[in-house]
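Protein chains: 4
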Amino acid sequence: MPSFEPRNPDYRAAATATFERQPAMRTLGISIARLEPGEVDLAMTYSAQFTQQNGFVHAGVITAGLDNACGIAAFTLMPPGADILTVEFKTNLLAPAKGERFIFRAHVVKPGRTLTVCEARAFAQAGGVESLVATMTGTLMTLMPRA
Amino acid sequence: MPSFEPRNPDYRAAATATFERQPAMRTLGISIARLEPGEVDLAMTYSAQFTQQNGFVHAGVITAGLDNACGIAAFTLMPPGADILTVEFKTNLLAPAKGERFIFRAHVVKPGRTLTVCEARAFAQAGGVESLVATMTGTLMTLMPRA
Amino acid sequence: MPSFEPRNPDYRAAATATFERQPAMRTLGISIARLEPGEVDLAMTYSAQFTQQNGFVHAGVITAGLDNACGIAAFTLMPPGADILTVEFKTNLLAPAKGERFIFRAHVVKPGRTLTVCEARAFAQAGGVESLVATMTGTLMTLMPRA
Amino acid sequence: MPSFEPRNPDYRAAATATFERQPAMRTLGISIARLEPGEVDLAMTYSAQFTQQNGFVHAGVITAGLDNACGIAAFTLMPPGADILTVEFKTNLLAPAKGERFIFRAHVVKPGRTLTVCEARAFAQAGGVESLVATMTGTLMTLMPRA
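Residue numbers (this note's numbering), protein chains in the order written: chain E, 30 to 176; chain A, 30 to 176; chain B, 30 to 176; chain P, 30 to 176.
As structure tokens, then:
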């Protein structure tokens with residue numbers, strides 16, 4: 030993976046602030062575990078209230094984590110003052126989301142002035158073992174305030 | 030749209046039961062609004078706790094609604110005893126998810142013995158006006174109990 | 030489907046010219062069958078040289094037709110002088126692409142200043158019967174020349 | 030990346046034979062450059078007849094290469110006698126497909142009895158430099174002959 034040069038020297042504070050302004054992340058129990066230019070890990074503790082009919086975490090909740098990981102990874106490379114929008118994403122669900130804790134690991138594949146493409150993977154941690162449960166490819170858009 | 034012949038005469042009860050066994054749907058405030066063979070509408074009331082940084086409903090929550098609409102639409106055409114799994118989906122976010130109430134409208138495009146493809150649209154209702162906010166194409170898998 | 034107002038009064042000539050400047054379309058034997066604001070049908074005759082191991086048209090060739098249908102549909106709504114770029118697409122293959130002739134039918138779902146989202150379907154025609162073989166959702170980008 | 034144990038001891042001959050039975054690959058000038066269990070590189074020489082309006086290789090042709098790379102990578106892990114089908118794929122186009130030669134590099138992310146998920150990347154080679162032009166995530170299906 031290439032390393033990226035952030036255009037915002039305060040990228041860390043800016044990305045963290047954007048993440049924390051999202052009530053949905055608090056409600057879902059998702060937090061930032063690692064943050065580098067173009068890379069982010071989010072973590073989520075298992076909660077029975079977000080499960081589907083077999084007791085696994087719902088695909089939509091896994092997608093919320095993956096999408097946010099992509100968004101924050103893209104955001105670390107955006108200029109000061111930018112806002113961010115998800116254009117689209119695609120998720121493949123590879124295994125039941127069964128575990129005590131979940132990690133959403135995203136990195137930027139291609140940063141751009143308007144569009145940034147990211148990839149992310151969701152891992153379930155259970156009994157000390159980590160397993161891949163889902164992948165995402167997402168397209169994010171940089172929004173700059175009108176001059 | 031073609032009309033479909035359900036293979037399970039009790040498809041309505043079976044689909045409703047599968048939907049209601051999902052704690053995530055209760056937590057997110059999503060319920061079944063309409064249910065026909067191969068078609069379903071789900072409804073969700075706006076809740077501030079599931080929003081992103083600009084006060085719109087989080088893309089992951091919209092995706093949870095779309096994915097469940099696809100799943101239940103596919104499930105209405107599955108044989109008795111089947112369980113269902115989402116294989117993958119792709120979501121395009123077309124407009125901010127801003128409204129008092131949201132509708133997730135799914136229909137089966139191609140039912141199959143193993144795989145079923147569905148399409149869904151999310152609409153925001155605000156001040157009596159309904160607007161398209163997101164689309165999904167999803168692939169669902171039929172799981173039959175081992176003989 | 031909503032009807033769209035083209036921003037380029039010569040949209041028909043502009044879209045046709047863009048289509049015809051693509052050697053790949055000529056090589057694949059794809060031509061414009063219908064063109065309206067935000068909608069296009071392309072047609073392709075079966076050719077054994079573009080088949081896969083079972084004699085069906087290769088998924089990549091079907092995708093080329095779907096992608097071009099999306100692109101031309103989006104292009105009809107773009108302003109004069111615009112160029113167009115495909116950002117991403119997702120294809121579901123629903124049935125073998127087996128037939129004498131293929132139709133790629135696209136329409137704009139959401140036009141935008143920068144991004145336009147389209148949906149397309151591929152149909153195979155065989156013995157007077159038309160059947161759905163693939164779907165696409167695609168995101169297209171408007172490129173304007175620098176002032 | 031994990032290493033995979035092929036279930037077919039003759040996976041190399043089987044995968045090569047399946048690839049070579051596709052007239053579309055010959056027509057597009059695509060050949061196998063590397064083949065390992067769960068991994069494949071395909072190569073394609075630039076040809077003006079497969080370009081779009083700006084002289085770059087058409088997105089559908091790039092997709093044909095990516096899809097085939099995914100299919101052959103998945104096929105190397107399938108049991109003897111299997112046939113293979115693409116269920117769906119999603120492509121992000123990251124840069125113009127401009128070059129003398131193109132490489133389509135795929136690997137299996139998750140092999141399965143019925144479904145296998147692969148990722149692939151397309152690279153353009155120009156003047157000794159290789160650059161990423163597109164990504165794919167695809168779902169492939171194993172078809173076994175009826176007993």
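Each residue gets a CB set at the ideal place from its N, CA and C atoms; glycine is no exception. Since the structure is predicted, the reported quantities are computational estimates derived from the model, not experimental observations.
To which residues does DSSP link M170 of chain A through a beta bridge? Looking at the DSSP assignment, M170 of chain A forms a beta bridge with A:L114 and A:L144.
Helix, strand or coil for F79 of chain P, going by three-state DSSP, please let me know. Three-state result, F79 of chain P: helix.
Kindly indicate if chain B contains any beta-carbon less than 8 Å away from that of V138 of chain A. V138 of chain A counts as touching chain B.
Starting from R134 of chain E, follow the alpha helix (DSSP H) in both directions and report where the run begins and ends. First-last for R134 of chain E: R130 to K139, but that is the beta strand (DSSP E), not the alpha helix (DSSP H).
Going by DSSP, what residue range makes up the beta strand (DSSP E) through E68 of chain P? E68 to T74
Of all the options P:N37, P:P52 and P:M107, which has the alpha carbon lying nearest to the alpha carbon of Q82 of chain B? P:P52
What separation, rounded to the nearest whole angstrom, lies between the Cα atoms of R175 of chain B and P125 of chain P? Distance between the alpha carbons of R175 of chain B and P125 of chain P is about 18 Å.
Would N121 of chain B pass as an interface residue toward chain P - the criterion being a Cβ-Cβ separation below 8 Å? So, interface residue.
Is DSSP giving E34 of chain P helix, strand or coil here? Looking at E34 of chain P - three-state DSSP - the assignment turns out to be coil, as it is neither helix nor strand.
Rounded to the nearest angstrom, how far is the Cβ of V90 of chain P from that of L169 of chain P, given a contact under 8 Å? V90 of chain P to L169 of chain P, Cβ: 20 Å. No contact.
Have a look at F33 of chain A and F152 of chain B and give me their C-alpha separation to the nearest angstrom. 20 Å
Determine the closest residue to A163 of chain P out of P:L64, P:H87, P:G58 and P:F79, with distance taken between C-alpha atoms. P:H87
What in chain F is Cβ-close to L144 of chain A, meaning under 7 Å? Going by chain labels, chain F is absent from the structure shown, which instead holds the protein chains E, A, B and P.
What residues from the segment 40-51 of chain A come within 7 Å of chain E, judged by C-beta to C-beta, listed N to C? T47, R50 and Q51
Contact belief for T47 of chain A with F104 of chain A at Cβ below 8 Å, rounded distance in angstroms: Your pair T47 of chain A and F104 of chain A checks out as a contact, with CB atoms roughly 6 Å apart and the cut at 8 Å.
Is DSSP giving L95 of chain P helix, strand or coil here? helix
Among A:N121, A:M73 and A:G167, which has the Cα closest to the Cα of P140 of chain A? A:G167
Thinking L57 of chain B and F79 of chain B are a contact (beta carbons under 8 Å), I'd like their distance in whole angstroms, please. 7 Å
In angstroms with no decimal places, state the Cα-to-Cα distance between N121 of chain A and V137 of chain E. Near 19 Å, if we compare the C-alpha coordinates of V137 of chain E and N121 of chain A.
Can you give the beta carbon distance from A102 of chain B to E129 of chain B, rounded, assuming they're within the 8 Å contact cut? With a Cβ gap of about 24 Å, A102 of chain B and E129 of chain B do not count as contacting.
Determine the burial state of R134 of chain P: buried for a count of at least 16 other Cβ atoms within 10 Å of its Cβ, exposed for fewer. buried
Per DSSP, A153 of chain B is paired with what? B:F131 and B:S160
M165 of chain A, buried or exposed, once every other Cβ within 10 Å from all chains shown has been counted against 16: buried
Between E:G157, E:R63, E:Y75 and E:M173, which lies nearest to C99 of chain E when the distance is taken from Cα to Cα? E:R63
Neighbour flag for T168 of chain P against chain A, beta carbons, 8 Å: yes
Distance, Cα to Cα, V69 of chain P vs E68 of chain A? 40 Å
Taking 7 Å as the limit between beta carbons, can you name the residues of its chain near G94 of chain E, skipping five residues before and five after? I59, L71, M73, F131, F133 and A151
Is T120 of chain E helix, strand or coil when you go by DSSP? strand
So, is the C-beta of A103 of chain A closer than 8 Å to a C-beta in chain E? no
If you follow the beta strand (DSSP E) that L106 of chain B is part of, which residue opens it and which one closes it? Premise fails: L106 of chain B is in no beta strand (DSSP E) and is neither H nor E.
Counting C-beta neighbours from all protein chains within 10 Å, is the total for E148 of chain E 16 or more, i.e. buried, or is it exposed? buried
Which same chain residues end up closer than 7 Å to A111 of chain E when comparing Cβ atoms and leaving out the 5 residues on each side of it in sequence? So the list reads T171, L172 and M173, once near-sequence residues are dropped.
Assign A77 of chain P to buried or exposed, taking buried as 16 or more other Cβ atoms, counted over all protein chains shown, within 10 Å of its Cβ. That one is exposed.
Does A62 of chain E come out as helix, strand or coil in the three-state DSSP assignment? strand
Can you give the Cα-Cα distance for D39 of chain A and E49 of chain A, rounded to whole angstroms? Within the model, the alpha-carbon separation for D39 of chain A versus E49 of chain A is close to 16 Å.
With R55 of chain P as the anchor, note down where its alpha helix (DSSP H) starts and where it stops. P52 to L57
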